[in-house]
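Student: Its first residue numbered 304, the sequence shown is counted upward by one per residue in this note's numbering. Encoded as structure tokens, here's the structure I'll be asking about.
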Amino acid sequence: MGRSNVGKSSALNRLLGRPGLARVSKAPGRTRAIHFYLVDERAWIVDLPGYGYARVSREMRRSWQALVDAYLDRPGQPRLAIHLVDIRHDPTPLDRQLAEALRVRGIPTLVVLTKADKVSGSASSRARARTARILGLEADAGPLVTSARTGAGFAALARAVDAALAAPGQARSGAGS
Ligand SMILES: Nc1nc2c(ncn2[C@@H]2O[C@H](COP(=O)(O)OP(=O)(O)OP(=O)(O)O)[C@@H](O)[C@H]2O)c(=O)[nH]1
Ligand SMILES: [Mg+2]
């Protein structure tokens with residue numbers, strides 16, 4: 304999940320080692336539906352449409368919100384939400400809204416900074432601290448720094464996903480774990 308153009312589809316492709324699986328685009332707002340990818344008949348990785356694209360109408364923004372709310376409120380919560388933030392930009396009010404929507408639902412969340420190849424090491428440390436503060440992350444839950452271009456951070460991301468899949472599920476009314 305994350306802003307339009309933040310690199311969600313690129314991260315998904317890199318995580319699965321399948322370039323070209325999810326559509327990547329220079330034009331923001333490319334992904335307009337929820338895409339489900341079944342991985343090894345074991346887990347669904349879900350690519351949600353991005354938010355915050357200035358040129359979409361208010362109507363489209365509302366339909367985005369409805370789509371994401373419907374997804375989050377389905378029976379059977381996601382094991383892990385991966386919230387992507389561009390390392391070059393501070394989280395926006397919509398990012399804070401997403402973090403809060405995940406928090407109130409008790410969905411475990413990992414914040415991932417994308418496009419680390421675009422900044423220096425010191426800028427990356429500053430971005431980590433700022434993002435953690437703006438999104439109110441716990442001290443030990445600092446954002447993971449990644450680059451889908453170089454693959455940096457993806458071994459750690461894969462470990463976090465594996466750990467989330469191995470953790471006992473939080474079954475909700477009528478849903479499996
Ligand atoms: N330099 C660099 N560019 C990246 C990286 N990840 C993604 N991009 C570029 O960022 C742009 C958007 O990438 P997408 O993966 O389509 O982003 P998205 O979040 O899926 O976008 P929407 O589906 O439109 O919301 C593309 O031009 C990508 O090539 C990265 O790690 N480094
Ligand atoms: Mg996309």
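No residue lacks a Cβ here, since even glycine has one placed at the ideal position from N, Cα and C. Since this is a predicted model, take the numbers as computed values, not measurements.
Which residue comes first and which comes last in the beta strand (DSSP E) that contains Val407?
Tutor: Element bounds for Val407: not the beta strand (DSSP E) but the alpha helix (DSSP H), Pro396 to Val407.
Student: Is it a yes or a no for the segment 416-431 touching the segment 376-391, going by three-plus beta-carbon pairs under 8 Å?
Tutor: Taking 8 Å as the limit for Cβ pairs, the verdict is that the segment 376-391 does touch the segment 416-431.
Student: Which stretch, first to last residue, makes up the beta strand (DSSP E) that contains Val414?
Tutor: Unbroken beta strand (DSSP E) run through Val414: Thr412 to Thr417.
Student: Give a yes or no on contact between the segment 308-318 and the segment 451-469, applying the rule of three or more CB pairs nearer than 8 Å.
Tutor: The answer is yes - the segment 451-469 touches the segment 308-318, with three or more Cβ pairs under 8 Å.
Student: Taking just the CA atoms, how far does Ile337 sit from Arg377?
Tutor: About 13 Å.
Student: Compare the Cα-Cα distances from Gln400 to each of Ala469, Ile437, Arg321 and Lys421 and report the closest residue.
Tutor: Measuring from the Cα of Gln400, the nearest candidate turns out to be Ile437.
Student: Across which residues does DSSP place Val464 in a beta bridge pair?
Tutor: Its beta-bridge partners do not exist; DSSP assigns none.
Student: What whole-angstrom Cβ distance do Gly355 and Thr395 have, given they're in contact under 8 Å?
Tutor: Indeed they touch by this definition, with Cβ atoms about 6 Å apart.
Student: DSSP on Val309, reduced to helix/strand/coil?
Tutor: Reduced to three states, the DSSP call for Val309 is coil.
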